[in-house]
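*Asks:* For reference, the structure I am asking about is given below.
Residue numbers (the working numbering), protein chains in the order written: chain F, 17 to 409; chain A, 93 to 159.
Below you can see the structure in the form of structure tokens.
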């Protein structure tokens with residue numbers, strides 16, 4: 017088999033690249049090791065409403081479980097902060113349908129798509145990577161391609177076998193565990209987030225509603241924690257008297273929350289999405305980031321093929337680092353500061369912040385909010401809090 | 093130097109999520125669509141995979157030293 021481009025992994029970034037490159041008229045093969053693209057998911061399924069227009073994805077009810085109007089944050093001692101918009105601000109997807117439909121859009125655009133096809137290694141010829149070895153069911157296949165796209169998730173096996181350094185230290189990963197379950201008593205129009213060092217070290221517990229009484233209930237914690245994510249989520253459910261007897265799915269995964277990959281393209285191999293650690297280090301969401309990276313990568317793949325100049329792929333690295341990379345580096349700095357917050361700090365901040373403050377933070381305009389916090393009497397009295405907050409400005 | 097270990101998986105607990113392979117600095121673990129595979133010769137005994145597993149499916153066994 018010979019293609020212009022082979023894309024390994026049909027999560028979010030892979031199908032976006034495959035669709036965009038196929039639309040430009042080049043031959044593309046998208047492969048995924050799973051027998052059913054999209055399942056099992058490793059995701060809380062929440063995404064901003066903005067991505068549909070921005071990345072040309074149909075707003076299709078088949079993969080939208082629920083429209084969301086904001087968020088509610090809970091501090092360790094139970095203080096609440098609500099952020100509610102009049103318009104829909106995000107949706108909770110059904111990833112097993114969404115991912116498959118993204119692959120369908122790629123196929124409709126002209127790409128070939130092979131599920132249950134696992135990339136096992138790269139093929140090297142004359143000192144360069146000429147394609148990948150894969151296994152479709154029990155049959156070994158050799159796929160030759162001019163460009164190889166590693167969109168193979170957190171494992172990033174193909175990127176690493178191609179010599180791209182995707183290593184990140186253990187503290188730069190979150191360990192996540194989630195039930196899709198029946199749960200009552202939470203406003204199903206909002207996503208709900210609980211913070212606290214005892215509740216979820218470094219991370220948070222989430223309830224993302226998929227129905228009036230059904231939600232993704234999950235947790236992310238630092239992956240170098242001696243206890244498991246499952247331990248912390250089960251404990252939270254017990255402590256809050258939430259029965260865990262109507263469990264529809266169990267979802268498990270490790271999330272890269274930092275340690276972004278420096279070199280996103282090496283010769284004719286590019287790495288996108290979770291494989292490139294392109295995830296928001298603050299909340300652990302990576303779908304929008306994968307779409308953005310996939311869009312930038314596909315632009316330069318098309319250009320490189322049109323001009324028959326593979327060195328143009330380096331512009332993907334450059335453009336990503338000048339745009340989303342720069343933004344995520346700032347988010348990483350914020351996360352490193354928030355990691356130092358005690359439960360008392362979290363209680364205080366959630367207590368004194370208003371919904372309007374939360375809206376400013378959500379919109380990225382957090383400096384004004386930090387300045388207001390720095391004037392609060394309980395902050396003024398604590399040199400440590402002043403120091404932490406000043407690091408954020 | 094880290095103790096030489098053999099990482100083993102409890103298949104009944106494992107979801108084949110690939111997280112252990114993702115955090116392994118030396119590609120000593122591969123997670124296929126139908127199974128989990130460990131490469132002893134690549135393992136450096138750092139135990140990062142064991143900590144990172146969201147469900148505690150991995151554990152370490154001391155490597156038997158040949159007399």
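Glycine included, C-beta positions come from ideal geometry on N, C-alpha and C.
All of these numbers come straight from a predicted model, not from anything done at the bench.
Going by CA-CA distance only, name the one from 336/F, 116/F, 146/F, 298/F that's closest to residue 285/F.
*Replies:* The shortest Cα separation from residue 285/F among 336/F, 116/F, 146/F, 298/F belongs to 146/F.
*Asks:* Output yes if chain F places a C-beta closer than 9 Å to the C-beta of residue 140/A; else output no.
*Replies:* At least one chain F Cβ lies under 9 Å of residue 140/A.
*Asks:* Terminal residues of the continuous alpha helix (DSSP H) containing residue 272/F?
*Replies:* Where residue 272/F is concerned, there is no enclosing alpha helix (DSSP H), although the beta strand (DSSP E) it sits in stretches over 263-272.
*Asks:* Counting only runs that start and end within the stretch 236-306 of chain F, where is the beta strand (DSSP E) found for 3 or more residues in a row?
*Replies:* With a minimum length of 3 residues, the continuous beta strand (DSSP E) runs that stay inside the stretch 236-306 of chain F are 263-272, 285-287.
*Asks:* For a contact defined as C-beta to C-beta under 7 Å, what are the partners of residue 102/A on chain F?
*Replies:* Residues of chain F passing the Cβ test: none, with the nearest at roughly 12 Å.
*Asks:* 9 Å is my cut-off, CB to CB: does residue 224/F come that close to chain A?
*Replies:* With 9 Å as the cut-off, residue 224/F does not count as an interface residue toward chain A.
*Asks:* Let's test the definition: count the other Cβ atoms within 10 Å of the Cβ of residue 305/F and tell me whether it reaches 16, buried, or not, exposed.
*Replies:* With 16 or more Cβ atoms within 10 Å of its Cβ, residue 305/F is classed as buried.
*Asks:* Under 9 Å, do residue 138/F and residue 149/F count as touching if we go by C-beta distance?
*Replies:* The answer is yes: Cβ separation under 9 Å.
*Asks:* Would you mind stating whether residue 215/F and residue 248/F have Cβ atoms separated by less than 9 Å?
*Replies:* Yes, the pair counts as a contact, with Cβ atoms nearer than the cut-off.
*Asks:* Count the CB pairs spanning the stretch 111-131 of chain F and the stretch 377-387 of chain F that are closer than 8 Å, and state whether there are at least three.
*Replies:* The stretch 111-131 of chain F, when compared against the stretch 377-387 of chain F, does not touch it at the 8 Å Cβ threshold.
*Asks:* Just the chain F side, please: which residues come within less than 8 Å of residue 125/A by C-beta, in chain order?
*Replies:* By Cβ distance, chain F contributes 49, 50, 51, 132, 134.
*Asks:* What beta strand (DSSP E) runs, 3 residues minimum, are completely inside the stretch 97-132 of chain F?
*Replies:* You should have 106-109, 128-130.
*Asks:* Please confirm whether residue 96/A and residue 118/A have their CB atoms less than 9 Å apart.
*Replies:* No.
*Asks:* Where does residue 133/F land, buried or exposed, given buried means 16+ other C-beta within 10 angstroms?
*Replies:* Looking at its Cβ environment, which holds 16 or more other Cβ atoms inside 10 Å, residue 133/F is buried.
*Asks:* Helix, strand or coil for residue 214/F, going by three-state DSSP, please let me know.
*Replies:* In the structure shown, residue 214/F sits in coil (DSSP, three-state: anything other than H, G, I, E or B).
*Asks:* In angstroms, rounded to a whole number, what distance separates the CA positions of residue 406/F and residue 92/F?
*Replies:* Computed Cα separation, rounded: 23 Å.
*Asks:* Of all the options 55/F, 82/F, 49/F, 23/F, which has the alpha carbon lying nearest to the alpha carbon of residue 228/F?
*Replies:* Here the closest residue by C-alpha is 82/F.
*Asks:* For residue 135/A and chain F, any beta-carbon pair shorter than 9 Å?
*Replies:* It does not; no Cβ of chain F falls within 9 Å.
*Asks:* Label residue 403/F either buried or exposed according to how many other C-beta atoms from any shown protein chain fall within 10 Å of its C-beta, with 16 as the threshold for buried.
*Replies:* With fewer than 16 Cβ atoms within 10 Å of its Cβ, residue 403/F is classed as exposed.
*Asks:* Work out the CA separation of residue 97/F and residue 252/F for me, nearest whole Å.
*Replies:* So the alpha carbons of these two residues sit roughly 19 Å apart.
*Asks:* What residues match up with residue 398/F in a beta bridge as DSSP calls it?
*Replies:* Paired residue(s): none; residue 398/F is not in a bridge.
*Asks:* Quick one: grab the DSSP three-state call for residue 208/F.
*Replies:* Correct three-state label for residue 208/F: strand.
*Asks:* Measure from the alpha carbon of residue 262/F to the alpha carbon of each residue in 195/F, 218/F, 276/F, 29/F, then state which is nearest.
*Replies:* For residue 262/F, the nearest C-alpha among the options comes from 195/F.
*Asks:* What residue range does the beta strand (DSSP E) around residue 154/F cover?
*Replies:* No beta strand (DSSP E) contains residue 154/F, which DSSP labels as neither H nor E.
*Asks:* Between the Cα of residue 238/F and those of 347/F, 202/F, 127/F, 218/F, spot the shortest distance and give me the residue it belongs to.
*Replies:* Of the candidates 347/F, 202/F, 127/F, 218/F, the one whose C-alpha sits nearest the C-alpha of residue 238/F is 218/F.
*Asks:* Counting only beta-carbon atoms, is residue 147/A nearer than 9 Å to chain F?
*Replies:* Cβ-Cβ to chain F under 9 Å: yes for residue 147/A.
*Asks:* Beta-carbon separation of residue 90/F and residue 211/F under 9 Å?
*Replies:* Closer than 9 Å, so yes.
*Asks:* Cα-Cα, which of 293/F, 353/F, 356/F, 44/F is closest to residue 170/F?
*Replies:* The shortest C-alpha separation from residue 170/F is found at 293/F.
*Asks:* Any contact of the stretch 309-316 of chain F with the stretch 149-160 of chain F, i.e. 3+ C-beta pairs under 8 Å?
*Replies:* Output reads no: the stretch 149-160 of chain F does not touch the stretch 309-316 of chain F.
*Asks:* Going by alpha carbons, who is nearest to residue 391/F out of 369/F, 36/F, 375/F, 374/F?
*Replies:* Residue 369/F is the option with its Cα nearest to residue 391/F.
*Asks:* Which same chain residues, not among the five before or five after residue 332/F, have their C-beta less than 7 Å away from its C-beta?
*Replies:* Same-chain partners within the cutoff: 280, 281, 286, 312, 313, 316.
*Asks:* Of all the residues that make up the stretch 176-188 of chain F, which are near chain A by a beta-carbon distance shorter than 7 Å?
*Replies:* Answer in chain order: 176, 183, 186.
*Asks:* Would DSSP call residue 153/A helix, strand or coil?
*Replies:* Correct three-state label for residue 153/A: strand.
*Asks:* Would you list, in chain order, the members of the stretch 212-240 of chain F that have their beta-carbon closer than 8 Å to a beta-carbon of chain A?
*Replies:* Result list: 239, 240.
*Asks:* Is residue 359/F helix, strand or coil when you go by DSSP?
*Replies:* Note: residue 359/F maps to helix in three-state DSSP.
*Asks:* Is there a Cβ from chain A that is less than 9 Å from the Cβ of residue 119/F?
*Replies:* Not one chain A Cβ lies under 9 Å of residue 119/F.
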